[in-house]
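Below is one structure, written out as structure tokens, with a few remarks after it.
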Amino acid sequence: MKDPCSSISKLLEKYFDQQVTDKERSLVESHLRDCPNCQGELRSMEKLKDLVKAPIEGAVQEEDFHWVWQKVQRGIQLRERSTGWESLRSWLDLSPLFRKRVLIPVAATIAVLLIAAQLLFKEFSSYPRLSGVEYIESQTHNVMIYESEKAKVTVIWLFEEPEQEPSIS
Amino acid sequence: MNQGEAELISRCQQGDQDALKEIFDQYNKRVYRIAYGVVRQREDALDIVQEVFIKLFRSIRNFKGRSRFYTYLYRLAMNTAIDHVRKAGKYPASSLDQEGVLQPVDGVEKGPDRILLHKELERRVNLAMGKLPIDQRTALVLREVEGLSYQEMAEAMGCSIGTVMSRLHYGRRKMQELLKDYVKRGEEE
């Protein structure tokens, strides 16, 4: 046979917390009239409630919250002053690109790339710039002349026949 | 939410500190109860109250009135208190020694033996609360101290009513077990 207390025990806590429906309340109350076990369970919940509540209520009675409000005001003023700086900081904190762990390697990579680009540019700019091209055709030979202004170098291609590879002189 | 409260909140959302002061006067004790209930240490609880109202002033623009204002505030208080406990790393079980004796409210209870009993009882309750998982501890405070309904607790804790009931049930069971001497004494009375 099913123990009536076990089915009521599920409702007992709801009853204690005043969260039952009218129907559930009458069910619990009719059971409680004849059940010392559940009456004891209810009293123990009541006692526990007092134990949890009493120290907190005692602590509240001892406090004067006037000075806490003053601290709240000071806190708000301080934060308002630093709002601009904080918003920048919080943006930096939030943006993954600017986090320290990312920022330092990124800065180092950019520096290396800049140095490499500068070196490459220097090397590239040291190549002789071709300032003049001249092409001369005749019956026996075709000649192509490249002349660099800066390095004063002249490159001449001599084509003996149209099918032949050009030879440099 | 009544019209007066809606107006107060609207003023606060526009940055009116006088409106915040009115909200503070209305709710400071309730916020303190939650804070003290969770951290059980006076100084920390007061710091939490301060932090909650500063946070409220900064975040109240986000309050759209979809939930009740006090559940919004309770949630802020609860989360701040829980963060505080997590940052501290452990429950301050020895808080009573730093705070001194709980003052009896009743004048008849001023004898030194009675004060010692109060102190011992509070120490035991503090230790027992400290052994509860933080969600069960918070559920007990919201229900037993603040008297919130299951629905209000679910709103404040951001969970279902079923979860609220389960947290309360297991919290109570564990507290009854840990404080069985005191709870039994209550049964016999």
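Sequences listed follow chains S and E, in order.
Going by this note's numbering, the first sequence opens with residue 619, and the numbers climb by one from there.
Going by this note's numbering, the second sequence opens with residue 49, and the numbers climb by one from there.
Every residue gets a Cβ at the ideal spot worked out from N, C-alpha and C, and that includes glycine.
Is there at least one Cβ from chain S nearer than 8 Å to residue i's Cβ?
i	result
Y75 of chain E	no
Q65 of chain E	yes
L188 of chain E	yes
F101 of chain E	yes
V87 of chain E	no
V97 of chain E	yes
E192 of chain E	yes
E200 of chain E	no
F105 of chain E	yes
L150 of chain E	Confidence in L150 of chain E is poor, its pLDDT being 33 and thus under 50, which makes the residue's placement unreliable; the coordinate value appears in the next sentence. Yes - at least one Cβ of chain S is within 8 Å of the one on L150 of chain E.
R123 of chain E	no
K135 of chain E	no
R109 of chain E	no
From residue i to residue j, what distance separates their C-alpha atoms?
i	j	result
E642 of chain S	D621 of chain S	18 Å
E790 of chain S	P723 of chain S	In the structure displayed, chain S extends from 619 to 787; residue 790 of chain S sits before or after that span and is not available.
R78 of chain E	S648 of chain S	36 Å
D104 of chain E	L226 of chain E	Strictly speaking, residue 104 of chain E in this sequence is Leu, with Asp absent from that position. Between L104 of chain E and L226 of chain E, the C-alpha separation is close to 36 Å.
M762 of chain S	T772 of chain S	10 Å
I694 of chain S	E681 of chain S	22 Å
F777 of chain S	N760 of chain S	5 Å
Q679 of chain S	S214 of chain E	31 Å
L696 of chain S	D95 of chain E	16 Å
Q51 of chain E	G206 of chain E	26 Å
R114 of chain E	V86 of chain E	26 Å
Q74 of chain E	L630 of chain S	33 Å
K179 of chain E	Y118 of chain E	28 Å
Q98 of chain E	L731 of chain S	51 Å
G63 of chain E	L121 of chain E	17 Å
V231 of chain E	D640 of chain S	29 Å
E55 of chain E	A726 of chain S	55 Å
H132 of chain E	Y80 of chain E	14 Å
Checking contacts by CB at 8 Å: is residue i closer than that to chain E?
i	result
D635 of chain S	yes
Q673 of chain S	First, the amino acid is wrong: residue 673 of chain S is Pro here, not Gln. Yes, P673 of chain S lies at the interface with chain E (some Cβ there is under 8 Å from its Cβ).
K667 of chain S	yes
R697 of chain S	yes
E631 of chain S	yes
I728 of chain S	no
I722 of chain S	no
I605 of chain S	Chain S is shown only over 619 to 787; residue 605 of chain S falls outside these bounds and no answer can be derived.
V670 of chain S	yes
I694 of chain S	yes
Measuring CA to CA, which of the options is closest to residue i?
i	options	result
N76 of chain E	E:G63, E:V86, E:Q61 and E:A93	E:A93
S197 of chain E	S:I674, S:K632, S:A734 and S:S756	S:K632
D635 of chain S	E:H217, E:L227 and E:Y118	E:H217
C653 of chain S	S:S644, S:V638 and S:C623	S:C623
R90 of chain E	S:R651, S:N655 and S:I674	S:I674
I57 of chain E	E:I82, E:V97 and E:R109	E:R109
L175 of chain E	E:K222, E:E55, E:R114 and E:G63	E:K222
P181 of chain E	E:H166, E:E168 and E:R134	E:R134
I82 of chain E	E:S107, E:C60 and E:R123	E:R123
Examine the ligand ATP and report whether any of its heavy atoms sits within less than 7 Å of the Cβ of residue i.
i	result
K77 of chain E	The model depicted lacks the ligand ATP and carries no ligand whatsoever.
**Asked** Going along the region 210-224 of chain E in order, which residues come within less than 8 Å of chain S, judged by CB to CB distance?
**Response** M213, L216, H217, R220, M223 and Q224
**Prompt:** Residues in the region 677-692 of chain S with C-beta within 8 Å of chain E's C-beta atoms, listed in sequence order?
**Reply:** A677, V678, Q679, E680, E681, F683, V686, W687, K689, V690 and Q691
**Item:** Touching by the beta-carbon criterion (3+ pairs, under 8 Å), the region 664-678 of chain S and the region 185-199 of chain E
**Value:** Three or more beta-carbon pairs separated by less than 8 Å link the region 664-678 of chain S to the region 185-199 of chain E, which places the two stretches in contact.
**Prompt:** Going along the region 652-665 of chain S in order, which residues come within less than 8 Å of chain E, judged by CB to CB distance?
**Reply:** Within the region 652-665 of chain S, those residues whose Cβ lies closer than 8 Å to any Cβ of chain E are, in chain order, G658, R661, S662, M663, E664 and K665.
**Prompt:** Do the region 685-699 of chain S and the region 652-659 of chain S touch if we need at least three Cβ pairs shorter than 8 Å?
**Reply:** no
**Asked** Between the region 688-698 of chain S and the region 101-117 of chain E, do three or more beta carbon pairs fall short of 8 Å?
**Response** yes
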